[in-house]
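Q:
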DNA sequence: TCTTTTGGCGAGAACGTTCTCACATATCAG
DNA sequence: CTGATATGTGAGAACGTTCTCGCCAAAAGA
């Protein structure tokens, strides 16, 4: 019967109204049903009086369709409140239009901004974002990656925790999964990467302090112990000017390297006792590392913190020690957090383009998802020294 | 041939080794292939010499399987590097084990924390998180909700932008989609919700200031104009003590209500000129709203800011005005941001349990996802006044 | 007039799972 | 020995799309 009507409709514009009415009846009935169980392409096709193939064509926007049938299908779809099932679509196309992100901790302003950047380009391109936190725990990273892979994300953005062992990431790459690394590199893993030029940035910060006359400069850094050599050896090598493969170093080690390099260039001696090592990625650890050095007899006249978390811990420590910049000491931080600009004398800091980093990473990833296959690229973003009031001339 | 082996194996334990070897050969061959195109249940079944049904049973963990076949399948799966396709699974089960979140802006510490809370319980329960930002723009919220619905999330957590018009949310609920609201309510939409008890919290803050002797207290609030009545009318009603339906009010209006209520209870007059309205959800707007009042002849002795963004803008304004708490004025903020605790005299603030709010919301949502159908609940979280050093006695 | 092309359509096979059957076999009570 | 129950198993139908075919017109080229 539906077919008959359809053929009549095909020849004459006249019975179209009947069809419309007919549709409406069906729709209203179906709508009651579908208010719970949602309408499928088959339902739309039935109501519109066409095959599922045709309905699929107009709804999916592929292949040819006449204006006539197109209108019918569209109307039916609208009446039924049809909503395409992305699952079914993805299953057959093999594309989910979803990107996976495994970050350290969304609460950390660094990750929050980076993710925001990723999000910006993702949804400008109609991609969804599946986000997980690793809390810097390798097992959690592995688990997250596995989860995202099972959910068939089109690509993955990761801030890898272990720069040496990362079997899961190598596997991923071997499986052909587009992958972009942020902030950290993994030795031997040739994939796109975006990071700050940490060595240069730290060097710039220290050079600034040296330029202002400081000779005793402390550095508070996480320096988690996952390196091939001990801190002492590392420092010794760096002071000696031995070439160090800095690419796969953890950011805090890279920044320490910049710190040492600035000293070396200026002909200053590096005092290992001024290296305040938190040992873990937490403000508490930083807060604990600062007092011993800052209450010692020959305390530094300036402090350099290597990231937002260290800055926070350091600020806490300084507050309880009743030391304030720039009167009692000079301070340069890494990463520009919102409060640094409205503290009474603003805090001089190295600002990394977090948002842009996320955006760049997402853009690179999307290129890969779309099939680009040039060799893996590393984008080193420049960081900028923002002078505010926390540094005094000595 | 495979069948023969299988049957032989079925009767005697002896040929099992042959099978293993046989498997290995196949595996190695397939592994080369599958390093690119991934293995499916059918592949695993073929290698293990069982039906896809059986393979599915052991891999999916449903139905009965003998230990023997189970081991074979597991081995085959391991050798092939089998990874279940969550898409296909979800398509048939109708469950994605994925939750959708549409927040204002991940970069905002409030949302970042709330999302972290959601994330905590989500991945403790094996759920993924699809996260989007609305930037407080209704069209973007609608778009995000649609995207997430198409991706078939099992449930949705939303901070609704428009508390009056929210057709998309009503639709969602009618379709049976589990839904939890955070921070804001939608008039007439009966779904679970978690929020801070804003009126009480603000009242507590103001009462504290009044207790310290302040009589001229300014409030800086966003107070976006999407209300049924004008600010003046609202204030007039509140002062008169008229009953106001505060549930569906925007948080900043609720906090203003608490501000007024505290005045009323203490018998103090509310001066409309001390209400600094930003008019939009940005630190810049707040920064602009503060100076006119703070440079006026009869300026307030205390300030209350209604959220983190307002606090930031206010701090900026105060910094440029060279006014500092508690010397030049007293200050109570809303929402405890990290810098408030390490500013020189810490900032007294109302702390809302952001993480717990996210966790509570996610837990409620999961209950709904699992089929709980008690009437909709509203969880009002208590906020806590944290006294630090930004308030002085007058 | 006879091909070829082109737009337009529907049947039906994918995609990779789960799940319902029907059917075996083993165990046990009666 | 009969039937009931529990445990295994495989064939094949879902799920809701996309996509490859064929088929059929009508238009166009020869």
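Protein chains in written order, with our numbering: chain A, 430 to 823; chain B, 430 to 823.
From the three backbone atoms N, C-alpha and C, an ideal C-beta is built for every residue, glycine too.
Quick caveat, the model's predicted, so the values are computed rather than measured.
Less than 8 Å between the CB atoms is what I'm expecting for residue 809 of chain A and residue 626 of chain A, so what's the real figure, rounded?
A: Walking along the first chain from the start, residue 809 of chain A turns up at place 380. Walking along the first chain from the start, residue 626 of chain A turns up at place 197. The pair is a contact, with the Cβ atoms about 4 Å apart (cut-off 8 Å).
Q: Of all the residues that make up the segment 721-752 of chain B, which are near chain A by a beta-carbon distance shorter than 7 Å?
A: If the cut-off is 7 Å between Cβ atoms, the segment 721-752 of chain B has 741, 744, 745 and 748 near chain A.
Q: How is the alpha helix (DSSP H) around residue 483 of chain B delimited, first residue to last?
A: Translated into the one-based positions of the second chain, residue 483 of chain B becomes position 54. Taken as a continuous stretch (DSSP letters only), the alpha helix (DSSP H) holding residue 483 of chain B covers 481-489.
Q: Using beta carbons (cut-off 8 Å, strictly below), is residue 810 of chain A in contact with chain B?
A: As a position in the first chain, residue 810 of chain A is number 381, starting the count at 1. Chain B, which has no Cβ nearer than 8 Å to the Cβ of residue 810 of chain A, makes this no.
Q: Should residue 467 of chain A be flagged as near chain B, meaning a C-beta pair shorter than 8 Å?
A: Locating residue 467 of chain A in the first chain gives position 38, where the first residue counts as 1. So, interface residue.
Q: Mind checking whether residue 616 of chain A and residue 677 of chain A have CB atoms under 8 Å apart?
A: For the purposes of this step, residue 616 of chain A is identified with residue 187 of the first chain, where counting begins at 1. For the purposes of this step, residue 677 of chain A is identified with residue 248 of the first chain, where counting begins at 1. Cβ atoms of residue 616 of chain A and residue 677 of chain A: closer than 8 Å.
Q: Who are the near neighbours of residue 493 of chain B in its chain, counting only those whose CB is closer than 8 Å to its CB and skipping five residues on each side?
A: Walking along the second chain from the start, residue 493 of chain B turns up at place 64. The residues are 486.
Q: Below 8 Å between beta carbons: does that hold for residue 607 of chain B and residue 797 of chain B?
A: Counting from 1 along the second chain, the entry for residue 607 of chain B is found at position 178. Counting from 1 along the second chain, the entry for residue 797 of chain B is found at position 368. Going by C-beta atoms, residue 607 of chain B is nearer than 8 Å to residue 797 of chain B.
Q: Out of B:542, B:650 and B:474, which one is the CA nearest neighbour of residue 860 of chain B?
A: Since the first residue of chain B shown is 430 and the last is 823, residue 860 of chain B is not available in this structure.
Q: What did DSSP end up calling residue 461 of chain B once you bin it into helix, strand or coil?
A: On the second chain, position 32 is the one that residue 461 of chain B refers to. Residue confidence for residue 461 of chain B is low, a pLDDT of 38 falling below 50, so the modelled location carries little weight; the figure read from the coordinates is stated next. Of the three classes helix, strand and coil, the one that applies to residue 461 of chain B here is helix, per DSSP.
Q: Is it right to say residue 707 of chain B is buried, meaning 16 or more other beta carbons lie within 10 angstroms of its own, or is it exposed?
A: As a working mapping, residue 707 of chain B is identified with position 278 in the second chain. Buried, by the Cβ-count rule.
Q: Across the segment 570-589 of chain A and the segment 565-574 of chain B, are there enough close Cβ pairs to call them in contact, namely three or more that are closer than 8 Å?
A: At 8 Å Cβ cutoff, the stretches do not touch.
Q: Between the C-alpha atoms of residue 508 of chain B and residue 477 of chain B, what's the straight-line distance to the nearest angstrom?
A: In the second chain, counting from the first residue as 1, residue 508 of chain B sits at position 79. In the second chain, counting from the first residue as 1, residue 477 of chain B sits at position 48. Residue 508 of chain B and residue 477 of chain B: Cα-Cα distance of roughly 10 Å.
Q: Does residue 616 of chain B have its Cβ less than 8 Å from a Cβ in chain A?
A: Looking up residue 616 of chain B in the second chain gives position 187. Taking Cβ atoms only, chain A never reaches closer than 8 Å to residue 616 of chain B, which makes this a no.
Q: Taking buried to mean at least 16 other C-beta atoms within 10 Å of its own C-beta, is residue 527 of chain A buried or exposed?
A: In the first chain, residue 527 of chain A corresponds to position 98, counting from 1. Residue 527 of chain A comes out buried.
Q: So for residue 759 of chain A, helix, strand or coil by DSSP?
A: To locate residue 759 of chain A, count along the first chain from 1; it is residue 330. Three-state result, residue 759 of chain A: strand.
Q: Could you check whether residue 741 of chain B and residue 712 of chain B sit closer than 8 Å to each other, using their CB atoms as the reference points?
A: Stepping through the second chain from its first residue, residue 712 of chain B is reached at position 283. Stepping through the second chain from its first residue, residue 741 of chain B is reached at position 312. Closer than 8 Å, so yes.
Q: Using a Cβ-Cβ cut-off of less than 7 Å, give me the residues of the segment 569-587 of chain B that come near chain A, in sequence order.
A: Taking 7 Å as the Cβ-Cβ cut-off against chain A, the residues of the segment 569-587 of chain B that qualify are 576, 578, 579, 580 and 581.
Q: Unbroken beta strand (DSSP E) runs of length 3 or more, entirely within the segment 504-575 of chain A: which are they?
A: You should have 527-532 and 557-562.
Q: Taking only beta-carbon atoms, is residue 539 of chain A less than 8 Å away from chain B?
A: Locating residue 539 of chain A in the first chain gives position 110, counting from the first residue. It does not: the Cβ of residue 539 of chain A has no partner Cβ on chain B nearer than 8 Å.
Q: Which residues mark the beginning and the end of the alpha helix (DSSP H) in which residue 767 of chain B is found?
A: The residue given as residue 767 of chain B occupies position 338 in the second chain. Segment 767-771, the alpha helix (DSSP H) holding residue 767 of chain B.
Q: What residues of chain B sit near residue 554 of chain A, judged by a beta carbon separation below 7 Å?
A: Walking along the first chain from the start, residue 554 of chain A turns up at place 125. Result: empty, since nearest Cβ-Cβ is about 12 Å, beyond 7 Å.
Q: According to DSSP, residue 621 of chain B sits in a beta bridge with which residue or residues?
A: For the purposes of this step, residue 621 of chain B is taken as residue 192 along the second chain, with counting starting at 1. Paired residue(s): B:609.
Q: Beta-carbon within less than 6 Å of residue 551 of chain B's beta-carbon, same chain only, minus the 5 sequence neighbours each way: which residues are those?
A: Along the second chain, read from residue 1 onward, the residue named residue 551 of chain B stands at position 122. The answer, listed in chain order, is 528, 558 and 791.
Q: In this structure, what does DSSP give as the bridge partners for residue 780 of chain A?
A: One-based indexing of the first chain puts residue 780 of chain A at position 351. According to DSSP, residue 780 of chain A bridges with A:813.
Q: Straight-line CA distance for residue 734 of chain B to residue 536 of chain B?
A: Against the second chain, residue 734 of chain B aligns to sequence position 305. Against the second chain, residue 536 of chain B aligns to sequence position 107. About 20 Å.
Q: Quick one: which chain A residues come within Cβ less than 9 Å of residue 542 of chain B?
A: Start at 1 with the first residue of the second chain, and residue 542 of chain B comes out as number 113. Those are 535 and 536, listed as they occur along chain A.
Q: Exposed or buried, which one is residue 498 of chain A when buried takes at least 16 other CB atoms within 10 Å?
A: Here residue 498 of chain A refers to the residue found at position 69 of the first chain. With 16 or more Cβ atoms within 10 Å of its Cβ, residue 498 of chain A is classed as buried.
Q: How many angstroms separate the CA atom of residue 690 of chain B from the CA atom of residue 601 of chain A?
A: Along the second chain, one-based indexing puts residue 690 of chain B at 261. Along the first chain, one-based indexing puts residue 601 of chain A at 172. Roughly 59 Å between the two C-alpha positions.
Q: Tell me, which residues are paired with residue 586 of chain B by DSSP?
A: Here residue 586 of chain B corresponds to residue number 157 of the second chain, with the count starting at 1. According to DSSP, which records beta bridges pairwise, residue 586 of chain B is partnered with B:530 and B:609.
Q: Quick check: is the beta carbon of residue 561 of chain A nearer than 8 Å to any beta carbon in chain B?
A: Locating residue 561 of chain A in the first chain gives position 132, where the first residue counts as 1. Closer than 8 Å: yes.
Q: Do the segment 717-732 of chain A and the segment 633-644 of chain A make contact, defined as three or more Cβ pairs closer than 8 Å?
A: A contact exists between the segment 717-732 of chain A and the segment 633-644 of chain A.
Q: What did DSSP end up calling residue 799 of chain B once you bin it into helix, strand or coil?
A: Residue mapping note: residue 799 of chain B aligns to position 370 of the second chain, counting from 1. Residue 799 of chain B: coil per DSSP, three-state reduction.
Q: Mapping the DSSP letters down to three states, classify residue 733 of chain B as helix, strand or coil.
A: Indexing the second chain from 1 puts residue 733 of chain B at position 304. Reduced to three states, the DSSP call for residue 733 of chain B is strand.
Q: What are the partner residues of residue 647 of chain A, as DSSP defines its beta bridges?
A: For the purposes of this step, residue 647 of chain A is taken as residue 218 along the first chain, with counting starting at 1. In DSSP, residue 647 of chain A forms a bridge with A:732.
Q: Identify the contact partners of residue 517 of chain A in chain B, using a Cβ-Cβ distance below 8 Å as the criterion.
A: Looking up residue 517 of chain A in the first chain gives position 88. Within chain B, the residues near residue 517 of chain A are 520.
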